[in-house]
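Trainee: Residue numbering for the sequence shown follows my numbering, starting at 2 and increasing by one per position.
For reference, the structure I am asking about is given below.
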Amino acid sequence: MDDQSVSALDADSSLDLSTLVISTTTPQQETTQPKQTKDEKVLSICKLLHTRPNKLTPNEFITHILESQDSKFATLRRLWAVDAGLKSTMSLVKTIRNELARSVIGREAWEEFIQEEAITILSKQAPPKGYYPNGSFQSSATVKDSFFYAHKKETRDAQLTSEHTPFLYNILLATLQNQHGPITRAMEKDVIVNNDIDPTEIPLDVDAVVYGKLLNGAEQLHKRFHRIVSTVCSIMAFAANRRANALQLTNSVRFLACGVTERVHEYMNYIGLCSSRATAWETLKTLALNAEGNLKIAMAKDPRCPIAPSLCIDNLDIEQKVHELSVGKRSHTYRGTWGYIHLPDQQLVSTLNSSELTLSAYQEAIRNLDALVIEPWMFLPTAKEKDSNVAVWKSQIARVLLKYLADPVDISKATPTEPPPVEQINHN
């Protein structure tokens, strides 16, 4: 290269702008010159930036391009923030990040910058204000039982994590997934999965006991992480605005129904996991009033049926016994109370003698109880009833074996998968 070409770097390979000379060749002369490399072109620009007057550093040069109000500069940067140029713009940002990460102070400055940007974004994302379902506030005075249905809660979770607070949700979820690492086959548990469940048919808040979908491996882990992160998002939203109370109202009713002590309930309310105990009581009062109206409608006298509906309450304690205890495997006791209204079946009622369904017939039956001799055998099953009960259990076991494990050698001699018919007293 001649004395008008770009020359160079000093002995220690650091950039010395004072030694650079900008080429002054004409366009006609340029065609005869060797093709300028990218490094030479950038060094030429840096030399020009370093000349007087108005010396500029590369940082000041880029900043001026981005901040200048001149229309020519606006034209130059018009593609930086749109689809056509966004990829290269983000590549530039990552390159700056990589350069800053070469030093400790640079990494600290970058982390502080990202933290400030994250705070700005998070401050702008929040659930909408207003009354449910258009807003995020559910009043204890207007709550309906449908608010607590499982598919309604899933819908609210999806809106919270994908529309209202997606930035916080994605950061926390990705953090958990990256820290945990990939799922291997050794981590998975072999379970029988039956996911043919309609979420709209799941009763109030019992999906975690017997109606939940059984997942395995990565799906199970993702569901757990999703529940943790969505709960954190709900707590953050509630802490910023106590009227964003969907999860908290649900938990307050759940905790009260499960017998959580008042002190624990107050602590849960303090950390934003549930609403206050007073709100829980008001919610139950509102639900009771709604149920009272539904109960009156269901129990109303029907001229077509001489038998009144029955109000039934089931209080069940079910123990799942594990004989060989280990980490994650222990005995569980499930407790639940369900109330429902049993309506007499019209087909059954039509087979009854209407003359025996009068008040006088009832009174006559009560008077005859004085002469009734109660014997122990009246409370014991007959031999036929015992055989029928055993056949039912065998048919259920056979159905499971046939569906999940093995096929019988001779289907004609196998245990039936359908229980034997019994005297039917109700068609529902």
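For every residue, glycine included, the Cβ atom is placed at its ideal position computed from N, Cα and C.
Helix, strand or coil: how does DSSP classify tyrosine 132 here?
Mentor: By one-based count along the sequence shown, residue 132 stands at place 131. It is a strand residue.
Trainee: Counting only the same chain and skipping the five closest in sequence on each side, list residues whose C-beta sits under 8 angstroms from that of arginine 305.
Mentor: Taking the first residue of the sequence shown as 1, we reach residue 305 at position 304. The residues are Gln347.
Trainee: Which one or two residues does DSSP pair with isoleucine 342 in a beta bridge?
Mentor: Locating residue 342 in the sequence shown gives position 341, counting from the first residue. Leu312, per the DSSP bridge assignment.
Trainee: DSSP beta-bridge partners for histidine 333?
Mentor: In the sequence shown, residue 333 corresponds to position 332, counting from 1. BP columns for histidine 333 point to Gln321.
Trainee: Can you give me the C-alpha to C-alpha distance between proline 417 and leucine 312, rounded to a whole angstrom?
Mentor: Taking the sequence shown and counting its residues from 1, the one referred to as residue 417 is at position 416. Taking the sequence shown and counting its residues from 1, the one referred to as residue 312 is at position 311. Going from the Cα of proline 417 to the Cα of leucine 312 covers about 36 angstroms.
Trainee: Would the beta-carbon of proline 310 fall within 8 angstroms of that of leucine 344?
Mentor: Taking the first residue of the sequence shown as position 1, residue 310 is located at position 309. Taking the first residue of the sequence shown as position 1, residue 344 is located at position 343. For proline 310 and leucine 344, yes; Cβs fall inside 8 angstroms.
Trainee: Can you give me the start and stop residues for the alpha helix (DSSP H) that glutamine 37 sits inside?
Mentor: For the purposes of this step, residue 37 is taken as the residue at position 36 of the sequence shown. Element bounds for glutamine 37: n/a, residue is neither H nor E.
Trainee: Would you call the segment 323-336 in contact with the segment 296-304, where contact means no fewer than 3 C-beta pairs closer than 8 angstroms?
Mentor: no
Trainee: Which residue or residues does DSSP assign as beta-bridge partners of serine 327?
Mentor: Numbered from 1 along the sequence shown, position 326 holds the residue referred to as residue 327. Bridge partners of serine 327: Lys330.
Trainee: Please confirm whether serine 141 and threonine 359 have their CB atoms less than 8 angstroms apart.
Mentor: For the purposes of this step, residue 141 is identified with residue 140 of the sequence shown, where counting begins at 1. For the purposes of this step, residue 359 is identified with residue 358 of the sequence shown, where counting begins at 1. Going by C-beta atoms, serine 141 is not nearer than 8 angstroms to threonine 359.
Trainee: Please report how far the alpha carbon of serine 235 lies from the alpha carbon of glutamine 139, in whole angstroms.
Mentor: Translated into positions along the sequence shown, residue 235 becomes position 234. Translated into positions along the sequence shown, residue 139 becomes position 138. Near 14 angstroms, if we compare the C-alpha coordinates of glutamine 139 and serine 235.
Trainee: Which one of Val410, Ala399, Ile412 has the shortest CA to CA distance from proline 420?
Mentor: Indexing the sequence shown from 1 puts residue 420 at position 419. For the residues Val410, Ala399, Ile412, the minimum Cα distance to proline 420 belongs to Ala399.
Trainee: Answer with buried or exposed for glycine 273, where buried requires no fewer than 16 other C-beta atoms within 10 angstroms of its C-beta.
Mentor: Within the sequence shown, numbered from 1, the residue matching residue 273 stands at position 272. Buried, by the Cβ-count rule.
Trainee: For threonine 334 versus glutamate 320, is the C-beta distance shorter than 8 angstroms?
Mentor: As a working mapping, residue 334 is identified with position 333 in the sequence shown. As a working mapping, residue 320 is identified with position 319 in the sequence shown. For threonine 334 and glutamate 320, yes; Cβs fall inside 8 angstroms.
Trainee: For a quick check, are the C-beta atoms of tryptophan 282 and aspartate 315 less than 8 angstroms apart?
Mentor: Mapped onto the sequence shown, residue 282 falls at position 281. Mapped onto the sequence shown, residue 315 falls at position 314. Result no, Cβ atoms of tryptophan 282 and aspartate 315 do not sit closer than 8 angstroms.
Trainee: Does the beta-carbon distance from leucine 101 to tryptophan 111 come in below 8 angstroms?
Mentor: Position 100 of the sequence shown holds residue 101. Position 110 of the sequence shown holds residue 111. Yes, Cβ-Cβ distance for leucine 101 and tryptophan 111 is below 8 angstroms.
Trainee: Are at least three pairs of beta-carbons, each pair with one atom in the segment 242-255 and one in the segment 146-161, less than 8 angstroms apart?
Mentor: yes
Trainee: Count the other CB atoms within 10 Å of the CB of valine 254; is the residue buried (16 or more) or exposed (fewer)?
Mentor: In the sequence shown, the residue the question calls residue 254 occupies position 253. It counts as buried.
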